[in-house]
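Peer 1: All the letters of the sequence shown, read from the start, carry residue numbers 1 to 76 under the UniProt record's numbering.
Handing you this structure, nothing more for now.
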Amino acid sequence: MAGRQAYSIVEYYAEHEGYRCGYCKNSNTNFSHGMWAHSLTVQDYQNLIDRGWRRSGCYCYKPTMNQTCCPQYTIK
Numbered sequence: 001m002a003g004r005q006a007y008s009i010v011e012y013y014a015e016h017e018g019y020r021c022g023y024c025k026n027s028n029t030n031f032s033h034g035m036w037a038h039s040l041t042v043q044d045y046q047n048l049i050d051r052g053w054r055r056s057g058c059y060c061y062k063p064t065m066n067q068t069c070c071p072q073y074t075i076k
């Protein structure tokens, strides 16, 4: 498909106020930025991963490491 460009379409959600942590179960202690990826190019997805974003299905999120109770670190 020469000449056809791929685009990412996302719906960004501002930083979440504290919500219940899935690790320690404390309330209002987990913070992150998030977006719904309606479509995401491979390169855009790689760029997000390289910058600390994670994915769960179509939902992409980045923990706010200096505010969250249980920081999540990438192991490569």
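Every residue gets a Cβ at the ideal spot worked out from N, C-alpha and C, and that includes glycine.
Only a predicted model underlies this, so the values are computations on that prediction, with no experimental measurement involved.
So what's Ile49 in DSSP terms, helix, strand or just coil?
Peer 2: In this structure, Ile49 counts as helix in the three-state DSSP scheme.
Peer 1: Would you say Lys25 faces chain C, with C-beta separation under 8 Å as the test?
Peer 2: Judged by its chain identifiers, the structure shown contains no chain C, having just a single protein chain.
Peer 1: Mind pulling the alpha helix (DSSP H) runs of 4 or more residues that sit fully within the UniProt domain "N-end aminoacyl transferase N-terminal" (20 to 76)?
Peer 2: Segments of the alpha helix (DSSP H) lying fully in the UniProt domain "N-end aminoacyl transferase N-terminal" (20 to 76): 42 to 50.
Peer 1: Which residues does DSSP list as the beta-bridge partners of Glu11?
Peer 2: In the DSSP output, where bridge partners are listed per residue, Glu11 has Trp36.
Peer 1: Is the segment 17 to 25 touching the segment 58 to 65, taking contact as three or more C-beta pairs under 8 Å?
Peer 2: No: the two stretches stay apart, fewer than three of their Cβ pairs being nearer than 8 Å.
Peer 1: Distance check for Ala37 and Arg4, CA to CA, integer angstroms please.
Peer 2: Those two C-alpha atoms are separated by around 20 Å.
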